[in-house]
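Reviewing the structure listed below.
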């Protein structure tokens, strides 16, 4: 009832799972991954224990084929299961039990395992594998493209319902607190792969942090533009800022330390002072753009584009 790909980015070491199914909330069942360890897709009357148990085997030193053999051997319903594994070194393995609903099968290569059941035919798995091997996109976008190619080849022959994308990297989660760099789920949608691609674009906007090299230095002209946009949106320091932000916390509970920012501060240009800087950061916090916070004297280009668009729509 599902097709999936588990893979490793050879350049970064990121590990991921992409999956689509005619099944509600497939992301709650199929994808499992741990940074520096491996990624697993468990499907076809999924044995969800294959996820944590398989990752534990990989963390203990097993390679993909060994971990798969151990999992399958211990499962009395192995002939109804399907599972794909890739380890942190790029070795891969896939299993399709002989009692999985047809068409069912899998394909492996360096850094990936692709598999599916109740499919239109073998071209669906080939779509996953061939697209991954062709590359040409950043890793998360490539995994979504794999799903798109599989869907175009006929996909799940019962139709579409849900999709998910899980990509892990060490410290890649929100605020660096865990390894879940990307954890997106489309639980019930007429075109789940297209919706997953849309959410991935939003995830990059809200969750990715810019590099110092990407930042734009504030000058007098840009400072004037920022004042105009923020003022139009109700964030002029002279008016006390947006009423949305004002009651966020009582005065006595206002945070004592600023959130970490990207880059090193530089002198502020004419027309831009700490009050305006505070209003910019407050607006970014309300808009959930805090991961794009730049040091004083700089602004992230995507935050700038977002501000311009918001002011234009006002």
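Numbering (this note's numbering), first residue to last: 30 to 343.
Even glycine gets a Cβ: it sits at the ideal position worked out from N, Cα and C.
Note that the structure is predicted; figures quoted are calculated from it, not measured.
For residue 300 and residue 330, the gap between their C-alpha atoms comes out near 20 angstroms. Under the Cβ criterion (8 angstroms, minimum of three pairs), the segment 174-186 does not count as touching the segment 197-212. For residue 230, the three-state secondary structure derived from DSSP is helix. Closest by C-alpha distance to residue 289, out of 84, 325, 305 and 83, is 325. Contact between the segment 50-66 and the segment 183-191 is present: three or more C-beta pairs spanning the two stretches fall below 8 angstroms. Here residue 185 carries a strand assignment [DSSP, helix/strand/coil]. If you draw a straight line from the Cα of residue 32 to the Cα of residue 76, it comes to about 15 angstroms. Residue 248 and residue 45 have their C-alpha atoms some 41 angstroms from each other. Going by DSSP, residue 195 is part of the beta strand (DSSP E) stretching over 191-197.
Judged by beta-carbon spacing, residue 142 lies within the 7 angstroms limit of residue 123, meaning their Cβ atoms are closer than that value. In this structure, residue 340 lies away from residue 318, with their beta-carbon atoms at least 7 angstroms apart.
CA-CA distance, residue 246 to residue 257, rounds to 18 angstroms. Each residue's CA atom was taken as its position, placing residue 85 and residue 119 some 17 angstroms apart. When 139, 146, 144 and 181 are compared, the shortest CA-CA separation from residue 164 is found for 139.
Judged by DSSP in its simplified three-state form, residue 210 adopts strand. Within 10 angstroms of the beta-carbon of residue 250 lie fewer than 16 other beta-carbons, which makes it exposed. About 5 angstroms separates the beta carbon of residue 136 from that of residue 154, a gap short enough to meet the 8 angstroms contact definition. Taking the C-beta atoms as reference points, residue 35 is found no nearer than 7 angstroms to residue 88.
Ranked by Cα distance from residue 259, the first of 234, 181 and 310 is 310. Per the C-alpha coordinates, the member of 261, 230 and 145 positioned closest to residue 157 is 145. Pairing residue 100 with residue 79 gives a Cβ-Cβ distance under 7 angstroms. Going by beta carbons, residue 110 and residue 73 fall inside the 7 angstroms limit. Annotation for residue 141: no alpha helix (DSSP H) segment contains it, though the beta strand (DSSP E) segment containing it runs 141-146. Annotation: residue 121 to residue 95 spans about 10 angstroms, alpha carbon to alpha carbon.
Shown here for residue 228: same chain residues with a beta carbon closer than 6 angstroms to its own, the five before and five after excluded, namely 213 in chain order. Proximity to residue 38 across 196, 90 and 60 peaks at 196, based on C-alpha coordinates.
Here the C-alpha atom of residue 223 lies approximately 16 angstroms from the C-alpha atom of residue 54.
The C-alpha of residue 240 is placed about 29 angstroms away from the C-alpha of residue 162. Beta-carbon to beta-carbon, residue 225 and residue 194 are separated by about 6 angstroms, close enough to satisfy the 8 angstroms threshold. Residue pairing from DSSP places residue 33 in a beta bridge opposite 48 and 144.
Shortest Cα-Cα distance from residue 61 to any of 81, 43 and 42 involves 81.
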